[in-house]
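Engineer: To start, I am sharing the structure in question, which I have written as structure tokens.
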Amino acid sequence: MRFGVVVCLLAVILPLGLVCESLAVEKVAGQPDMDHLWGARVVKLRAEDAKRGQLFDQGNYAMFIHWGLYSQLGNKVDGETYYGIGEWIMNQRMAGIPIAEYKKLANNFNPVDFDARAIAKLARDAGMKYIVITAKHHDGFAMYESQACDFNIVDATPWGKDPMKDLAAACREQGLGFGFYYSHNQDWTFPGGGGGPQVDASGKPATFDDYFEKKCLPQVREITTQYGPIEIVWFDTPGKMPKHYVEKLVEVVHKNQPGALVSGRAGHELGDYQTLGDMEVPIVNVDGLWESVDTTNDSWAYAWYDENWKSPKQILERLVACVARGGTYMLNIGPRGDGSVSARCATALRHAGDWIARYPQVIYDVQGSPWKHSMPWGDVTQKDNVLFLTVFEWPASGELYLPNIEQDVREARLLLGSDSTELLCQRRGKHVVVQVPAKAPESLVSVIKLTFSEKPTVDPVLTLDPEAMTELAVEFADVNGVKKSEKRWMEKFGEWKRIVHGHEFGADADLSWEVDVLVPGEYQVSLNYAGEGRLVWHVGIDGGESIQNQQDSSHNYQTFPIGWLNFPKNGRYRVSVQCLEGDVGKASLHAILFDAVR
Ligand code: GLC
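See below:
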């Protein structure tokens, strides 16, 4: 695995009292330097006017659509398949299609199966509250009728229709918000555009200003005046675009669309909220207005080979995780060149949507978990003095632990769609135990509603669950001589992964976690790490037992068993990890895992 990284400065006060001033990350040659594309990751404050972001802030779930000329290639060019994000197929990092050849694709673009109403209905059935679709991507092709540039779906294709008119209308019919993705910096086919030709058709040098004045600004005016009310204008990859250009675009959006938000990738921190990195679902609560953008498989645009769909349960796990961290989840579909949508993708979205329709109160207009991280058994969303426990791993013992919560539960109910049954709760010291039936009522995710007399207050310290496997990520660890950094890499081109890892384990250096053990006893300890060759790991309990073992390693992050550790009584412990022998310089620890021995 080669690791590409993004330099980012996180001034985030982690919920466990850890202040993580900066997660500087190393850059590795050979990987595209994406920080200039996505911009620095800064926690934005809430949009000044909450009304402006209401659908975003309360809807919490949206459909992203990547659809363009590239969709008709589906990542296959002259019989060769290029693996990675399909909307980059023209780029040198993928097929490297010359501009003139790429433009000819428009001659055959005839999406006769595009059905705006069906797509809006799918978003509605999926439980999504608005749609953001590519008006113009990095390739420069406008998927709407543009007077500013004739390289667009009406003027340049045999189909000759404007799908955005129909989709905007269909969204309004379905009561959904509508917004546009617009690549404002990169334009690979227009003279002067970012990554585009540096001369015009007559061979005269073209500047970014030429592109901005002749195409970018007029098109942003078009998409913010010709399609009715807009929820979001989703600018992307600002790169090194000078600030005054971004300011002008933001001004145009806010003037023409007072109800619209500008995405966190506008550049120069001029967006109205924060957009995280591609395909990133955070594991610590993020303050302010923010979104995760993810895709139903591994590519934003359609790729013929990509059948790696997220299941309904995986969709719900990632949606709930985003909402429970306090954010919005925008999940992408990539229609084919003919405009049709994969039946597998649509089915998974609808099944997840059926669950949301049974439990809308868990997803919409709620706040993040007071623990500010997930639980081993699932996650928590909150509405005032009510907690919604979304249980993915149902406790066979019939006891679900709610750790370190000050208030007693006034009422506990197991939700069964609109019905519910009462549950008993028992306080055990600092924790509350919810008595649940042996069998989970829902096949995907079961929901327990806890009502308190006041807004519950908790201690967010991590806990070892006595039943569900507990993963303590390095993101929560304290460091002593070990480096802790954010790391991003691409599986296939453009398919981004992100973790925080511990590395450079010097002598006597360790990572450690403060953790509450709810039930004493033996726990199987494993480590999730990447590295080279055999490594010797040491895991110890401060003032208690320690174990040491040698395991092999892999260039992929893999979980290796280290051995059993005994926690003699319930209570608070500090567990530390050291890497003692082997190619320690290449050891990269992602998490420590605990599984109660039953
Ligand atoms: C990245 C990609 C772009 C994609 C976007 C989706 O910026 O460059 O192709 O549209 O992520 O978030």
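With our numbering as the guide, the letters of the sequence shown map in order to residues 1387 to 1984.
Note that CB positions come from ideal geometry on N, CA and C, so glycine has one too.
#1: Ignore the nearest five residues each way along the sequence and tell me which others in Ile1539's own chain have a CB closer than 6 angstroms to its CB.
#2: Under 8 angstroms, do Tyr1488 and Thr1575 count as touching if we go by C-beta distance?
#3: Can you tell me which of the three DSSP states Ala1506 falls into?
#4: Under 6 angstroms Cβ to Cβ from Thr1611, same chain only, skipping five residues before and after it: list those, please.
#5: With a threshold of 8 angstroms, are at least 3 pairs of Cβ atoms found where one atom belongs to the stretch 1588-1604 and the other to the stretch 1650-1660?
#6: Less than 8 angstroms between C-beta atoms, sequence neighbours within five positions excluded: which residues of the same chain meet that for Tyr1613?
#7: With 16 as the cutoff for other CB atoms within 10 Å, does Thr1807 come out buried or exposed?
#8: Going by C-alpha distance, which of Thr1767, Leu1508, Leu1809 is nearest Leu1562?
#9: Under 7 angstroms: does the beta carbon of Ile1834 sit that close to some heavy atom of the ligand GLC?
#10: How many Å lie between Val1844 and Arg1884 at the Cα?
#11: Report the option in Ser1760, Pro1756, Pro1746 whose CA atom is closest to the CA atom of Ser1804.
#12: What do you reckon, is the C-beta of Gly1929 under 7 angstroms from a heavy atom of the ligand GLC?
#13: Please indicate yes or no: does the CB of Glu1808 lie closer than 7 angstroms to some heavy atom of the ligand GLC?
#14: So, with DSSP's three-state summary, where would you put Gly1674?
#15: With H, G and I counted as helix, E and B as strand and the rest as coil, what does DSSP make of Arg1813?
#16: Please report how far the alpha carbon of Val1463 lies from the alpha carbon of Ala1481, in whole angstroms.
#17: Only counting the same chain, and skipping five residues up and downstream in sequence, which positions put a Cβ closer than 6 angstroms to that of Asn1988?
#18: What are the uninterrupted segments assigned as alpha helix (DSSP H) that are 4 or more residues long and contained completely in the stretch 1627-1705, given in chain order?
#19: Quick one: what's got a C-beta closer than 6 angstroms to Arg1432's C-beta in the same chain, skipping five residues either side?
#20: Name the residue from Phe1442, Ile1451, Tyr1447, Gly1439 whose alpha carbon lies nearest to the alpha carbon of Arg1725.
#21: With a threshold of 8 angstroms, are at least 3 pairs of Cβ atoms found where one atom belongs to the stretch 1740-1759 and the other to the stretch 1833-1843?
#22: I need the straight-line Cα distance from Gly1460 to Met1449, nearest angstrom please.
#23: Quickly, what does DSSP pair Arg1984 with across the bridge? List them, please.
#24: Roughly how many angstroms lie between the CA atoms of Phe1980 and Pro1906, to the nearest whole one?
#25: Indicate whether Gln1821 and Leu1810 have their beta-carbon atoms separated by less than 8 angstroms.
#26: Going by beta carbon distance, what residues of the same chain come within less than 6 angstroms of Ile1485, once the five residues before and after it are set aside?
#27: Under three-state DSSP, which class holds His1887?
#28: Sort Lys1816, Val1727, Asp1864 by Cα distance to His1887 and report the nearest one.
#29: Would you check if the distance between the CB atom of Phe1862 and the CB atom of Leu1848 is smaller than 8 angstroms?
#30: Quick check: the Cα distance between Arg1503 and Arg1510, rounded to an integer number of angstroms?
#31: For a quick check, are the C-beta atoms of Lys1873 and Glu1890 less than 8 angstroms apart?
#32: Could you tell me which of Gly1470, Ile1505, Glu1857 sits nearest to Ala1977, measuring between CA atoms?
#33: Assuming Met1537 and Gly1526 are in contact, meaning their beta carbons sit under 8 angstroms apart, how far apart are those beta carbons, in whole angstroms?
#34: Can you look up Pro1604 in the DSSP assignment and give me helix, strand or coil?
#35: I want to check one thing, is the minimum distance from the CB of Trp1923 to the heavy atoms of the ligand GLC below 7 angstroms?
#36: Ser1457 lies in the alpha helix (DSSP H); which residues open and close that run?
Structural biologist: Answer, in terms of the structure:
#1: Taking Ile1539 as the centre and dropping the five residues before and after it, the same chain places the C-beta of Met1529 closer than 6 angstroms to its C-beta, in chain order.
#2: For Tyr1488 and Thr1575, yes; Cβs fall inside 8 angstroms.
#3: Shown here, Ala1506 sits in a helix according to DSSP, grouped into three states.
#4: Same-chain partners within the cutoff: Asn1642.
#5: No, because fewer than three Cβ pairs between the stretch 1588-1604 and the stretch 1650-1660 fall closer than 8 angstroms, the two stretches do not touch.
#6: Taking C-beta separations shorter than 8 angstroms and ignoring five residues to either side along the sequence, the partners of Tyr1613 in its chain run Tyr1530, Met1550, Lys1551, Ala1554, Phe1564, Phe1566, following chain order.
#7: Note on Thr1807: under 16 other CB atoms within 10 angstroms of its CB, so exposed under the neighbour-count rule.
#8: For Leu1562, the closest alpha carbon among the candidates Thr1767, Leu1508, Leu1809 is that of Leu1508.
#9: Checking the Cβ of Ile1834 against the ligand GLC gives no.
#10: Cα to Cα, the separation comes out at about 28 angstroms.
#11: That would be Pro1746, whose Cα lies nearest to the Cα of Ser1804.
#12: Relative to the ligand GLC, even the nearest heavy atom lies 7 angstroms or more away from the CB of Gly1929.
#13: Glu1808 Cβ: outside cutoff for every heavy atom of the ligand GLC.
#14: For Gly1674, the three-state secondary structure derived from DSSP is coil.
#15: It is a strand residue.
#16: Between Val1463 and Ala1481, the C-alpha separation is close to 7 angstroms.
#17: Lying outside 1387 to 1984, the shown extent of the chain, residue 1988 is not represented and no answer is given.
#18: Listed in chain order, the complete alpha helix (DSSP H) runs (minimum 4 residues) inside the stretch 1627-1705 are 1629-1642.
#19: Here the model assigns Arg1432 a pLDDT of 48, short of 50, so the residue's position is not dependable, and the following value carries that caveat. Excluding five sequence positions before and after Arg1432, the CB atoms of its chain that fall closer than 6 angstroms to its own CB belong to Gly1674, Leu1675, given in chain order.
#20: The residue you asked about is not Arg; residue 1725 is Gly in the sequence shown. The shortest C-alpha to C-alpha distance from Gly1725 to any of Phe1442, Ile1451, Tyr1447, Gly1439 is the one to Ile1451.
#21: By the Cβ test, the stretch 1740-1759 is in contact with the stretch 1833-1843, since at least three Cβ pairs between them sit closer than 8 angstroms.
#22: The C-alpha of Gly1460 lies about 20 angstroms from the C-alpha of Met1449.
#23: Beta-bridge pairing links Arg1984 to no other residue.
#24: Their backbone Cα atoms lie some 13 angstroms apart in a straight line.
#25: Going by C-beta atoms, Gln1821 is nearer than 8 angstroms to Leu1810.
#26: Excluding residues up to 5 positions away in sequence, Thr1575 lie with their Cβ nearer than 6 angstroms to the Cβ of Ile1485 in the same chain.
#27: Here His1887 sits in strand by DSSP.
#28: Checking every option, the nearest Cα to that of His1887 belongs to Asp1864.
#29: Against a cut-off of 8 angstroms, the Cβ pair of Leu1848 and Phe1862 comes out as a contact.
#30: Rounded to the nearest angstrom, the two C-alpha atoms are 10 angstroms apart.
#31: Contact: no.
#32: For Ala1977, the nearest C-alpha among the options comes from Glu1857.
#33: Going by the sequence as given, residue 1537 is Phe instead of Met. Right, the Cβ-Cβ distance comes to about 6 angstroms (below 8 angstroms), so this counts as a contact.
#34: Pro1604: helix per DSSP, three-state reduction.
#35: Shortest gap from the CB of Trp1923 to any heavy atom of the ligand GLC: 7 angstroms or more.
#36: Taken as a continuous stretch (DSSP letters only), the alpha helix (DSSP H) holding Ser1457 covers 1455-1459.
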